[in-house]
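*Asks:*
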Amino acid sequence: MAEVTLATHQRLELYYWMLLTRVFDERMLALWKQGRGVGGTFSQRGHEAIAVGAGYALGPDDVVAPMHRDLGCYLLRGLTPRRIFANLLGRATGVTAGRDANLHGLGDLSLGIVGFVSHLPQSLPTALGMAMSFVYRHEPRVALAFTGDGASSSGLFHETLNMAAVWNAPLVLLVENNQYAYSTPLHEQMKVFDIAPRAEIYGIPGIAVDGNDVEAVYAVTHEAVARARAGGGPTLIEAKTMRMLGHAIHDGAEYVPPELLAAWAQRDPIDRYRAHLLSEGAADQAELDEIAHRCEVEVEDAIAFAESSPWPDPAAVQQGVYAE
Amino acid sequence: MSATNFGFTDAPVEDGSRTITYIAAISEALRQEMRRDPDVLILGEDVGGEFGGAFKVTKGFEAEFGRNRVMNTPLAELGFTGVANGMALMGLRPVVEMQFADFISSAFDSIVQFAATAHYRFGGAVPWVIRAPCDGGIRSGPFHSQNPEAWFVHTPGLKVVAPATPADAKGLLIAAIRDHNPVIYFESKPLYRSLKGYVPAGEYVVPIGKANLVRAGEDLSIITYGAQVREALQAAARLAAQGISAEVLDLRSLKPLDTEAILATARKTGKVLVVHSANQLAGVGAEVAALIAAEAFEWLDGPVQRLGGLDTPIPFSPPLEDAYRPNAEKIYAAAQALAAF
Ligand SMILES: Cc1ncc(C[n+]2csc(CCOP(=O)(O)OP(=O)(O)O)c2C)c(N)n1
Ligand SMILES: [Mg+2]
């Protein structure tokens, strides 16, 4: 297991990004229940530690291709709650200015973020291509790509891992194994429930990690990023967690056994980290309350900003299809 | 619209022009662009090493440019086209070789879902080129003869070109490499070594989106592209002997279409035959015909006619393939019937 040394302020940052994700998520879901949302959206509950822990392990010049459960990663890479919320509501001030839906397309190359397309797992070869551009230009940069257990059944998952291994690419590929692909449980997707061991057949390291332990996710990703940067090639990480709500806002997930959710609820990544920080004396309750307050204020501000933002101009619908 | 007739005249078109094959013109464009711009690289199956690709377009490239810039890929079209997406987002200019245009379907998502939408969605420019060796008539069967351009013409965010001459093969490839968008470049296999023409030696760019009037005429217009341009010119020569003056417009660019040139020729002759090797149903010709019907209706002296492949897989055996595919003879017959209208 990777050694991790995090300063207190870094641990509080991890806590802050996870909590910001959670508060954003809860306020988003509440807004949708009130009928103030546009289209659908994806809950993040259960994925906070993965998105934040892995994203936090990147350097500023590294790039990332997150997916629909990685709000925490988008946030910590610098997409503001305002820009993201405005995107959810289809406003001109959103990341995609109303062109792409919910968390899709949340890309900003100036922040090293690629916006994903629905077709899973398209982000994987894209991230590999970015990684190979770093090799091409002799730049000490790394690409990180996220994907799900569902997408791990696709041929593109294999194609990407194989090419990354053959080319010794500076790529970290993280599978968020949340037990379900939409309504399909793991046992209908694969015979072996562990995905990390697949790395062996490509000749690269494969590491499983508790996806509800933010410092553990950070540690294994940090190690994989360092190996990639040093020329040691790609790593497959499998972070195990549970999708705690439906696939998307419309989905009540009645197909998930309540006992399973109850068991995973005991391991909530944010509750666990809060208790950990307190017991280790990394923070006192007042500090954590202050962080919670900051998150509330930021999310309220983002919602107000998004709701008061202009709609995109229909006259501009054909702009931007091509780069000039 | 230019009346220049690169490749089909006997006179040198520019100082320094030489007569070379269509495939040599493709290699030349690639080599020149790789020498000019260190961000240009090649990616594809069997493109590297001594081998230099199934058709030898990149033979000798690895020796000159190194492995880094001539990347052999595993057999994984979806994956390596996705890799080109990522490289292009980072500012490189990958030129991807599909071994045959037929295999581009295996890369479909990476092209139409990712590359075609990235700029619209988040401003991510994807300046790659896919070289797709297409078309038949050379007895290659259902999976080495296809012309899948219509799928991509139907996809917003892509550009599609299809050179018919060595000069355009060079000039359009250079333009495609320099374009900031994903461009699919359909190179016609039947022309590779059988068509020679004058090609300017130095930097030569044919702008994307401009058709070329390769033969002027009065009585009817044949609008076509790719390998069918040569067939159309042969048909036009025979028609001339019959006293029928046919104009031939080489579209060169299928997306964007040169609507001005299309409408100009339709309005000039009033009779239009659209020809392509790809199957006719819902092909590029349907779009051209619809455009003319909508914008040049009053000028027409007859129905816009189309001639394309049959709505079948592309058969292998010579009599079957010949029944499938348009050629000079069929164009001649269709044009005669149209002229009689
Ligand atoms: C190629 C493709 N097929 C179908 C879908 C529709 N779809 C969206 S998410 C999803 C399930 C994905 O499961 P997983 O990869 O485990 O990610 P999760 O949503 O569980 O985080 C499906 C089937 C898709 N996005 N892409
Ligand atoms: Mg899943």
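So the sequence lines, in the order shown, correspond to chains S and C.
Numbering-wise, the first sequence is residues -12 to 311 according to the numbering used here.
Numbering-wise, the second sequence is residues 469 to 809 according to the numbering used here.
Note that beta-carbon positions come from the ideal geometry of N, C-alpha and C, so glycine has one too.
#1: Starting from residue 724 (chain C) and walking both ways along the beta strand (DSSP E), at which residues does that stretch end?
#2: Mind checking residue 189 (chain S): buried by the 16 CB within 10 Å criterion, or exposed?
#3: Which word fits residue 543 (chain C), buried or exposed, when buried means at least 16 other C-beta atoms lie within 10 angstroms of its C-beta?
#4: For residue 616 (chain C), decide whether its Cβ has a neighbour in chain S, counting only Cβ atoms nearer than 9 Å.
#5: Going by alpha carbons, who is nearest to residue 204 (chain S) out of S:45, S:11, S:13, S:92?
#6: Kindly confirm or deny that the stretch 133 to 147 of chain S and the stretch 208 to 215 of chain S touch, where touching means at least three C-beta pairs closer than 8 Å.
#7: Compute the Euclidean distance between the alpha carbons of residue 743 (chain C) and residue 111 (chain S), then round it to the nearest angstrom.
#8: Within 10 angstroms of its Cβ, does residue 470 (chain C) collect 16 or more other Cβ (buried), or is it exposed?
#9: Could you check whether residue 18 (chain S) and residue 285 (chain S) sit closer than 9 Å to each other, using their CB atoms as the reference points?
#10: Mind checking residue 86 (chain S): buried by the 16 CB within 10 Å criterion, or exposed?
#11: For residue 160 (chain S), which three-state DSSP category applies?
#12: Looking at residue 98 (chain S): is its Cβ nearer than 9 Å to the Cβ of residue 71 (chain S)?
#13: According to DSSP, simplified to helix, strand and coil, what is residue 796 (chain C)?
#14: In terms of residues, what are the limits of the alpha helix (DSSP H) holding residue 634 (chain C)?
#15: Can the beta-carbon of residue 728 (chain C) be found closer than 9 Å to that of residue 686 (chain C)?
#16: Would residue 620 (chain C) pass as an interface residue toward chain S - the criterion being a Cβ-Cβ separation below 9 Å?
#17: Rounded to whole angstroms, what's the CA-CA distance from residue 565 (chain C) to residue 524 (chain C)? Just pull it up for me.
#18: Can you check whether the CB of residue 169 (chain S) is closer than 9 Å to the CB of residue 234 (chain S)?
#19: Between the Cα of residue 569 (chain C) and the Cα atoms of C:582, C:561, C:598, C:588, which residue gives the shortest distance?
#20: Under the three-state reduction of DSSP, which class applies to residue 204 (chain S): helix, strand or coil?
#21: The alpha helix (DSSP H) spanning residue 20 (chain S) covers which residue range?
#22: DSSP three-state call for residue 831 (chain C): helix, strand or coil?
#23: Suppose contacts are defined by Cβ-Cβ distances below 9 Å. Is residue 554 (chain C) in contact with residue 148 (chain S) by that definition?
#24: Who does residue 773 (chain C) pair with in a DSSP beta bridge?
#25: For a cutoff of 9 Å on Cβ pairs, would you count residue 122 (chain S) as touching chain C?
#26: Starting from the C-beta of residue 495 (chain C), find all residues in its chain whose C-beta is less than 6 Å away, skip the five residues before and the five after it, and write them out in chain order.
#27: One question on the structure: do residue 257 (chain S) and residue 161 (chain S) come within less than 9 Å of each other, judged by their Cβ atoms?
#28: Of all the residues that make up the stretch 562 to 580 of chain C, which are near chain S by a beta-carbon distance shorter than 9 Å?
#29: If you reduce the DSSP assignment to three classes, tell me which class residue 105 (chain S) lands in.
#30: Assign residue 116 (chain S) to one of three DSSP states: helix, strand, or coil.
#31: Name, please, each residue of chain S whose Cβ falls closer than 8 Å to the Cβ of residue 555 (chain C).
#32: Does any residue of chain S bring its CB to less than 9 Å from the CB of residue 594 (chain C)?
*Replies:* The short version:
#1: Neither: residue 724 (chain C) is in no beta strand (DSSP E) and is coded neither H nor E.
#2: buried
#3: exposed
#4: no
#5: S:45
#6: no
#7: 40 Å
#8: With a pLDDT of 34 at residue 470 (chain C), under the threshold of 50, the modelled position of that residue is not reliable, and no figure is offered here.
#9: no
#10: buried
#11: strand
#12: no
#13: helix
#14: 634 to 646
#15: no
#16: no
#17: 11 Å
#18: yes
#19: C:598
#20: helix
#21: -5 to 20
#22: The displayed coordinates of chain C run from 469 to 809. Any statement about residue 831 (chain C) would go beyond what the structure contains.
#23: no
#24: C:741
#25: yes
#26: 525
#27: no
#28: 562, 577, 578
#29: coil
#30: helix
#31: 116, 117, 119, 120, 123
#32: yes
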